Every structure is written in structure tokens, then in C-alpha cells.
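Residue numbers (this note's numbering): -12 to 429. Using N, Cα and C, we set each Cβ at its ideal position, and we do this for glycine too. Note that this is a predicted model, so its numbers are computed, not measured.
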Amino acid sequence: MSDSFAGMFEEAVRVLRRNDMGGWTRAAPELYPHQWSWDSAFIAIGLARLGARRAASELTTLLDGQWTTGKIPHIVFNPKAPPGSYLLGPEHWASASLSRSASGTPRPTSALCQPPVHAIAALRIFEVARGTADEDEARSFLSGGYANLLAWHRYLATARDPEGSGLVTIYHPWESGTDNSPRWDEALANVKVGELSPYARPDLGFVDEPSERPTAEEYDRYLWLVDLLKRSRYDEGRIYRSHPFLVKDVLFSAILVAANEALVEISRIVGARERDVEMIGRWIERGRRGLDACYDGDLGLCLDRDLRSDEPLRVRTIAGFAPLISGCTDTLREKLLLLLYSGTFAGDDRLRWPLPPSTSPREARFHPRAYWRGPVWPVISWLLWRSLKLAGEEGRAADLRRSSLEQLAAGGFAEYFEPFTGEPLGSDDQSWTAAVALDWLA
Ligand code: 2M8
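(1) Terminal residues of the continuous beta strand (DSSP E) containing Val234?
(2) Between Arg301 and Arg170, what straight-line distance do the alpha-carbon atoms span, to the nearest angstrom?
(3) Do Arg339 and Ile408 come within 7 Å of each other at the CB atom, strictly closer than that value?
(4) Quick one: is Lys235 buried, meaning 16 or more other Cβ sit within 10 Å of its Cβ, or exposed?
(5) Locate the beta strand (DSSP E) running through Thr156, then write down its first and last residues.
(6) DSSP state of Gln394, grouped into three classes?
(7) Over the uninterrupted alpha helix (DSSP H) stretch that includes Gly33, give me the two end residues.
(8) Looking at the structure shown, is Tyr358 part of a helix, part of a strand, or coil, going by DSSP?
(9) Using C-beta distances below 8 Å, list every residue in its chain close to Ala378, excluding the 5 sequence neighbours before and after it, in chain order.
(10) What is the C-beta distance between Thr92 and Gly52, in whole angstroms, given that I count them as a contact (C-beta under 8 Å)?
(11) Can you tell me whether Phe404 is helix, strand or coil according to DSSP?
(12) Quick check: the region 228 to 245 against the region 111 to 123, are there 3 or more CB pairs under 8 Å?
(13) Quick check on DSSP: helix, strand or coil for Thr202?
(14) Out of Leu215, Arg4, Phe128, Trp372, state which residue places its alpha-carbon closest to the alpha-carbon of Val257.
(15) When the distance is taken between beta carbons, is Pro77 closer than 7 Å to Pro432?
(16) Along the chain, where does the alpha helix (DSSP H) that runs through Asn135 open and close?
(17) Please classify Ser72: does DSSP put it in a helix, a strand, or coil?
(18) State the Cα-Cα distance for the pair Lys58 and Val104, rounded to the nearest angstrom.
(19) Please go through the same chain and pick out, in chain order, the residues whose beta-carbon is closer than 6 Å to the beta-carbon of Ser82, but skip the five residues on each side of it.
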């Protein structure tokens, strides 16, 4: 561990212990009192550094919430969370009563999903445990979880991609994990909000300023989209026919390719059938082809596509670097890296640290404090760092890691950071931030 970050590892452990709910971890102490899907995957990656058993239980408790369709819901609820502490509780989603596929889960769940970091996390637990006393434990966790992970990826490759495009369709900005990113502005603008019951915003009580959270207009649309999904009884066919927000998400799709690469390795470790391995291989190829087709030569980025308007969503955000995460040709990687380190992203000389902001500061809709519209997110930095390492970009990966740790040393384990000042924003003691720090420091 590097001396200059002495004490940070222990601090990160303290945050994860504070948020430990007994076998699983809430995403943040107050703002997010439940178990979130991709948060838990990142948390498991961090916890792997403390032992396989607790890291594995982070994922198995999440997988207990899996629907029979294979979907891993974006929230598995905490039965002990104070009533009203999070805007949409289990009673609002009513998942088990509206959909038979959600009825068998021990804890209630939401009905959306989030990017599939889980297989990457599961493999990481094994890799860290390999050659230690935890190896058998990690191997049996992989054997137990393999079928769930395969069912999850199959759900994404089929129900979420009936076109066979290699790209995942999302039904709600929350599914992207980058909720208020300008990626979704145009598609959301086409959603006509109907009659909504009045609602309060508990989230605004847990941050310093309302500008750090999505706007009232955005929230109206978020809630209206959930209402429409409920009316479809969360049935994929009905949603596909009638839902006004259907978007091919390039970041989600790229994470799926990376997760499928991890699943191939897992399938070998657990001795899965050869035809599974071949099928996953086909998903990987299809995913890369789909992402290639989304590359926009003018912006030099990969763009999401609105299926309702059949138009690409033209805005420069971190999601545009999706092919770095999925893996791509050397030529495309070179082009993307040039842009990533240019003044349009991490090379902007006003930045406190050379870390990629969630939205390019050169975009008119960039906002340095507004959540996914500009701030730097350590988990995204971690994903890019991992991709750089896999691509053999050791020097760039090392710099990104160091700058990220400097950001955390100065601002703590915040949810996200103002890119120019480094000010910590959103929630304090955010679990996934502490988790990626553990992985970087171990
Ligand atoms: C944020 O999203 C939730 C809705 O899912 C919210 O704002 O209430 C996002 O940053 C998302 O990516 C993250 O998983 C979640 C919990 O950290 O918070």
C-alpha cells in the first residue's frame, strides 16, 4: 500500500462497516438506505479485499432478489429502513403483486434493473481469493451463483434486446445508473407527464443544496415512467409496445460485454457446459458489433439511441467512451484515449485533478455540481482504470488511480466530486466509493 495514502484503507473499511446491514450493505447511510444492484457489485469488489465470505454474501443477498425472468432488480429493499426515508418504497413498486416473476423473493424489490457489474465482481472475489485459505469458499460461491449470472445476462440479451442488436434497452433513466445525465434529456422531453399524486423529496434533505440532485421536472418524469411501467404490470412485451422511454444505452451495453468476458472465465472455473461458453461468446461479439455501430465520427464518441425517435442522442458524456470498457480495436481505442485526455474531458486545465467528468465541460448542458451532469464519480474512474489496465495502458491506469486516491484523500468517500474544486458532493460515506478505494489500495 502506498504510504502517502496511509490510513485511507482503514477509513474505507470503517465506512463499509457502518453501512453493513448484516450480509449486505446499504448504498449510503441516509440518502440510500437500501441495497442497490450495481452499488452492491462494486461493494463486493472492495469487500473481496477483506475476505471472500462477506464479499460473496453481498452478491448472494442481491441474487436472492432476482426475478424468475433473470432480471436482477435495481433495489432490494431494507425492511428496517425508516418509513418514508426513500421516495419510492416497496409499497409503491408493488412488484410481487403486479408480476408473478417477482413473487418469490425474500425481500421486496423494485422493478427496474441497473448495469451488470456483478459477474465482474464475482470473478474478482475468486481472483483475490485464489491461492489463499479462501479459495474453496470463493469457488463454491461461483458454482452456486453461476446459473443466476447466466440467467441475468440471458435476460439482458433477450428481453432487453429483442432486436438482437447487441445493445441493451433501458426503460427509465434510473436503469442507466447515470440518472440525470444529459444523455436522457431529449428522450425525456418526449415523455408527456400525466396525473401524478403529490409527493415529497426525502433526498433533498440529505444533501447540502438542491442543485446537487435532479430537478423537480426530472423527478416528475421519473415517477410518471414508473407509473406507466406499473400499468404494464412490468411485462416486457407490453412495455416494448407502449412505453414512451425506450433507449439503447451504450454504457450499460459495454459493461455487459465486459461482464460476459468475466462470465466466460467463471464458466471455465465452474466447469460449465461448452455450449454456454459458446453462447456467451456470441453475446460478446454481438455487443461489440452493436457498440461499433453507435460510434459517431463527428463527436468521436459512442452514442445512445432513442428507439422512439430512432435518433442518436448527441451529447458528450463519459458514456461515449463505452468501447474502452467493452474492449475494441487498437485504432478506436487510440482515438478514444486521445479525446479522453483532451481538453474536452480529463485534459481540461481547469480540473482539480485530471479525472474525467461525467459530462464534458464543453457541453452547454454541463453543470459542475449537478449529479451526473458534470461531477466526477469514483466508480466510473474505477471502471475506466480497470479498462486501461486490461488494454495494457499501465501508465495511464496508474495515473488515474493516483489522482482518484488524491481526490478521496482530500474529500473523503463522497458520492461524487465537483471537477474544478474537488469539493465532495452528494452523500458522505457512500459505500461504493469506499469500496473502490479498498480495491485501489489493497
Ligand atoms: C442514484 O440513483 C438512485 C435511483 O436508483 C437515486 O438517485 O435515488 C444513482 O447514482 C445510481 O447510479 C446509484 O446506484 C444509486 C445508489 O447509489 O443512486
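Reading off the structure:
(1) Segment 234 to 236, the beta strand (DSSP E) holding Val234.
(2) 8 Å
(3) The sequence given here has Thr at residue 408, not Ile. Yes, they are a contact pair.
(4) buried
(5) 155 to 157
(6) helix
(7) Looking at the DSSP string, the run of the alpha helix (DSSP H) that includes Gly33 is 24 to 34.
(8) helix
(9) Leu311, Gly314, Arg320
(10) 5 Å
(11) strand
(12) no
(13) coil
(14) Phe128
(15) The structure shown does not extend to residue 432, since the chain spans only -12 to 429, so no value can be given for it.
(16) In the DSSP assignment, Asn135 falls within the alpha helix (DSSP H) that extends over 122 to 145.
(17) coil
(18) 13 Å
(19) Ala89, Thr96, Ala98
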